[in-house]
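Worksheet for the structure shown next.
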Amino acid sequence: MPERPDLDYIVPLIARALVGSRIIDVRVEDPVVLRVAVEGDVRSLLPGRCIERVVRRGHFVMFGLDGSPALEVAIHPMLAGRFRVDSPQDRLHKTTALVLVVEDARGEVRELRYRDDRQMGKVYVLDPADRARVPRLGTIGVDVLGPEFTAAVFQEMARKRRDQVKLFLLDKTQLDSLGNAYADEALFEAGVHPKSRVRDLDVAALDRLHGAIIRVLQQASAEVRRRAPPIDGKVRDFLKVRNRKGKPCVVCGHPIRVAGVRGHDAFFCGVCQPDTNGRGFIDWRRSGR
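Right, dumping it as structure tokens:
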């Protein structure tokens, strides 16, 4: 799934390519992904409207359109969704689910292609006033890379939680936003076991976790921008624990492990992230190990 660093990279690229263009056609290649939450057919609702903005909201890519009645397209890529901006002459990938054909002010025609080989992503056409009807879109938590995400705010959130810490980090109504991969990376950076109960984490562990969330996402965003992959690419080979089961920890050398956390998998190091609610943390970098 594209996560915050991926979306912060690709959304501006899509915006640069499409904002100001007018939709001239819509092709639904896989109706499974489409959800039309207003009266009408997508092929009649969208053509003729101009794309005024493309922004990220949580893990959604939002396309704001002009015209009346108010409409927007919200795409949640989920596990395997990918975007491309192509020429109409480019070969269409077999897993393409939706195509928006647009024309810019110069008369150049391009296609925004959304593909999904798992058919798990969703494309919503809705009235912006009805966002609450879309799962995970209506309520978005505090921006973890914004000035409002302070240690005090994070501590206050944590005091109300009774679940495992990884579930807390994945709650988009609280935190905007972490997915599986970067939740694992932040927990590793902070030395917190993913199955620790939030209520049992002490102030020091929560402070480490707060700082780790910010550092991990900032560093990942910078690395994705530096690599500059195509917008349908995914750069994850620099991650320290995610999808590295059995490989040596980059800090202590012990094998990376994986555990289930209420339907989610969690990759972690049993040495660097001891199951002691974060209180057994040792900063190996400072200890010289």
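Residue numbers -19 to 269, in my numbering, belong to the letters of the sequence shown in order. By construction, the Cβ of each residue, glycine as well, lies at the ideal position given by its N, Cα and C atoms.
Measure the C-alpha to C-alpha separation of residue i and residue j and round it to an integer number of angstroms.
i	j	result
Val172	Val81	47 Å
Leu26	Ile4	8 Å
Arg205	Val124	19 Å
Gly28	Gln135	48 Å
Gln69	Arg90	9 Å
Cys30	Leu186	45 Å
Pro108	Val238	39 Å
Ile236	Gln253	10 Å
Met100	Pro11	12 Å
Ala(-5)	Val35	8 Å
Ala(-3)	Val65	8 Å
Glu19	Ala170	48 Å
Ala200	Leu(-13)	11 Å
Arg111	Pro210	30 Å
Cys232	Ser1	52 Å
Identify whether residue i lies in helix, strand or coil by the three-state DSSP scheme.
i	result
Ile(-6)	helix
Leu315	Summary: the structure shown does not reach residue 315, with the chain confined to residues -19 through 269, and so no result is reported for it.
His234	coil
His173	coil
Arg139	helix
Met(-19)	coil
Leu(-13)	helix
Pro228	strand
Ile194	helix
Just to confirm my understanding: we take residue i, look at its own chain, exclude 5 residues before and 5 after, and list those with CB closer than 6 Å. What are they?
i	result
Glu281	Outside the modelled stretch of the chain, which goes from -19 to 269, sits residue 281, for which no answer is possible.
Ala166	Ala192, Ile193 and Val196
Val22	Val6, Val16 and Val105
Met137	Gln154
Going along the chain, which residues of its own chain have a beta-carbon closer than 7 Å to the beta-carbon of residue i, five neighbours each way excluded?
i	result
Ala161	Glu(-17), Arg216, Leu219 and Arg222
Arg141	Phe148, Val178 and Arg179
Ala163	Lys146, Leu149 and Leu150
Arg266	Any answer about Arg266 is weak, because its pLDDT of 44 lies below 50 and its placement is not dependable; what the coordinates show is given next. Nothing meets the Cβ criterion.
Is residue i close to chain B, meaning its C-beta is less than 8 Å from at least one C-beta of that chain?
i	result
Val6	Structure shown: chain B not included; a single protein chain is present.
Can the beta-carbon of residue i be found less than 8 Å from the beta-carbon of residue j?
i	j	result
Val241	Lys175	yes
Thr75	Asp97	yes
Asp212	Arg62	yes
Ala246	Lys146	yes
Val13	Leu78	yes
Thr153	Thr130	no
Val(-1)	Arg37	no
Gly159	His39	yes
Return the chain-ordered list of same chain residues with a C-beta closer than 8 Å to the C-beta of residue i, the five sequence neighbours on each side being excluded.
i	result
Gln198	Leu125
Quiz prompt | Length-filtered (3 minimum) beta strand (DSSP E) runs lying within the stretch 24 to 103 | solution = Qualifying beta strand (DSSP E) stretches, in chain order: 31 to 37, 40 to 45, 52 to 56, 62 to 66, 76 to 83 and 89 to 95.
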